[in-house]
Amino acid sequence: MNSPTTTEILIVGAGMAARRFAEQLLTRASEPVRITMIGDEGRQPYDRTRLSDLFLGAAEEDLTFDSSLFEDDRIELIVDDRVLRIDRRAQTVLTRSRQTHRYDTLVLATGAYAARIAVDGAALPGCFAYRTLDDVEELREFVQARSAELGRDLRGVVIGGGVLGLEAAGALQTMGVDATVIQYADRLMATQLDGTAGSIVKRHLQARGIAVRTGTRATRIDPDESGAVTAIEYQDGSFQRVDVVIFTVGMLARDELARNAGIDVHPLGGIVIDDGCRTSDPAVLAIGEVASYDGRCVGLVAAAYEMADVAVGRLLGEDVAFSGYDESAAVTLAGVEVVSFGDALASTPDAVDVLYADPIAGVYKKLVLAEDAHTLLGGILVGDASAYGSLRPLVGARLVGDPSSYVLPARG
Ligand SMILES: Cc1cc2nc3c(=O)[nH]c(=O)nc-3n(C[C@H](O)[C@H](O)[C@H](O)COP(=O)(O)OP(=O)(O)OC[C@H]3O[C@@H](n4cnc5c(N)ncnc54)[C@H](O)[C@@H]3O)c2cc1C
1 MNSPTTTEIL IVGAGMAARR FAEQLLTRAS EPVRITMIGD EGRQPYDRTR LSDLFLGAAE
61 EDLTFDSSLF EDDRIELIVD DRVLRIDRRA QTVLTRSRQT HRYDTLVLAT GAYAARIAVD
121 GAALPGCFAY RTLDDVEELR EFVQARSAEL GRDLRGVVIG GGVLGLEAAG ALQTMGVDAT
181 VIQYADRLMA TQLDGTAGSI VKRHLQARGI AVRTGTRATR IDPDESGAVT AIEYQDGSFQ
241 RVDVVIFTVG MLARDELARN AGIDVHPLGG IVIDDGCRTS DPAVLAIGEV ASYDGRCVGL
301 VAAAYEMADV AVGRLLGEDV AFSGYDESAA VTLAGVEVVS FGDALASTPD AVDVLYADPI
361 AGVYKKLVLA EDAHTLLGGI LVGDASAYGS LRPLVGARLV GDPSSYVLPA RG
């Protein structure tokens, strides 16, 4: 039996933020704690950011985090169950399996849903999200079965041209599906890249055999006589034959538990937290993608981990605070390095930039500088990101020497 002073911590969600929180708390707590982690995915926490590796030969076990965390007597992991309701007065939660669990501190780490656009046909067989191991398994099974049924390679459309969409297009290609990316904005990765960088990335993808349509909106997805996806229609009236559609159009915070329990939720979605990850209920913390800080939820694992660390620190009585979102992205897409960091889109008033572009070689480098033309605010690197390691720590600092020397190719 637990000692009467044992603090009961209940974590809802068994994803990346939840695992980090539990690991940190068990490592650092000197007082007795007991953690119950409840996840609805039916498996141990895994590295969601590596989902696309499954198409490059990785197995499910390669993505699963080291399970030694759950060998600690102070933690119990319950999988394949879902928390349905929070009773804040009794400090309990009720799960789908009709179990009630008590808590002293409740940690909501429920992540987000993959959003779908509201078009007719968005739920037809052949339409997928790209968020979980189950999504990937279902996608693979569908592609295999459908291509056997039709006796040919499939045609796929990814709706959403952000990082996730480009990863999904690569995944389709590795399964032998002819892939097209549809992007409503005028360029790919619109929140990270400017027009020139976006078009260079587009050319890289096209060279790899992935078609890209920017400034395009899907208006309908049509079924064939079997009920499965057969065509997609666009706002300009054109249509395309398609057998599989993947939605990568953003995320929706899974904040319904908090909302139904009367905990403050932001009008744009997400459980409102302060810089200590506290919600409007002092006994409830929220971390990861479900948490809305400064009016926004962000789908970046570094932010989820920092929130987990801050939440643990506060529980242990430390004076730590979440430092805010750093939306830098450094990814390799279709074999091309793409980096965006700091104020990459030069939104700071009077910012100036230094550019180097070689569209033939597919290289683009931009540094965004403050109006003094020396203080680094951010940048974009496509095709050659070798300078990223040295530039990233310099954001906010004055660059030594001529800023163009950081982007121009070495002479000779
Ligand atoms: C394909 C893909 C690639 C990505 N790549 C990157 C990347 O390169 N870099 C990066 O920074 N970020 C990346 N991300 C985002 C990153 O994975 C997320 O930011 C991170 O997983 C957030 O952690 P989380 O714990 O908040 O949510 P999650 O990891 O989603 O975990 C939430 C868990 O809670 C469960 N849950 C929800 N509600 C309940 C309930 N009521 N009861 C029980 N369980 C519940 C969910 O099923 C889920 O398992 C990627 C995401 C995807 C999908």
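Per full-length UniProt numbering, the sequence shown starts with residue 1, numbered consecutively.
Think of the CB as a built atom: it goes at the ideal place given N, C-alpha and C, for glycine as much as any other residue.
Asp-40 has its Cβ nearer than 7 Å to a heavy atom of ligand 1. Annotation: Glu-318 is outside any alpha helix (DSSP H) and is labelled neither H nor E by DSSP. Membership of Val-245 in the beta strand (DSSP E) is indicated by the continuous run 244-247.
Note: Gly-342 is bridge-paired with Gly-378 in the DSSP secondary-structure output. Set against 7 Å, the gap from the CB of Arg-241 to the closest heavy atom of ligand 1 is not smaller. Checking the 7 Å criterion, the Cβ of Ser-52 is within range of a heavy atom belonging to ligand 1. Relative to ligand 1, Met-175 has its C-beta separated by 7 Å or more from all heavy atoms. The C-beta of Ser-340 has 16 or more other C-beta atoms within 10 Å across all chains shown, which makes the residue buried. Beta-bridge partners of Thr-92 (DSSP): Asp-87, Arg-102.
Beta-carbon to beta-carbon, Leu-252 and Ala-129 are separated by about 11 Å, too far to satisfy the 8 Å threshold. From the listed residues Val-244, Leu-124, Thr-105, the smallest Cα separation to Ala-171 is found for Val-244. Boundaries of the beta strand (DSSP E) harbouring Phe-239: 239-241, taken from the DSSP string. The alpha-carbon separation between Ala-261 and Leu-84 amounts to approximately 10 Å. Residue pairing of Ala-118 in beta bridges, as defined by DSSP: absent, with no partner found. Check the Cα spacing between Val-157 and each of Pro-282, Arg-220, Ser-347, Thr-7: the tightest is with Arg-220. Classified as exposed, Glu-31 has fewer than 16 neighbouring CB atoms from the shown chains inside 10 Å of its CB. Residue pairing from DSSP leaves Lys-202 without any beta-bridge partner. In the displayed model, Phe-70 falls within a helix according to three-state DSSP. In the structure shown, the three-state DSSP call for Glu-138 is helix. Here the stretch 220-239 makes no contact with the stretch 86-97; the two share fewer than three CB pairs at distances below 8 Å.
Beta-bridge partners assigned by DSSP to Tyr-293: Arg-296.
Pro-267 has no beta-bridge partner at all, per DSSP.
Here Leu-408 carries a coil assignment [DSSP, helix/strand/coil].
A distance criterion of 7 Å places the beta-carbon of Leu-285 beyond contact range of ligand 1, judged by its closest non-hydrogen atom. Here Arg-220 is bridged, per DSSP, to Asp-120, Glu-233.
When rounded, the separation of the alpha-carbon atoms in Ser-386 and Ser-199 is 20 Å.
In this structure Leu-394 is in contact with Leu-376, their Cβ atoms being roughly 5 Å apart against a cut-off of 8 Å.
In its chain, beyond the 5 residues on either side, Leu-77 have a beta carbon closer than 6 Å to the beta carbon of Phe-70. With contacts defined as CB atoms closer than 8 Å, Gly-111 and Asp-80 fail to qualify as a contacting pair.
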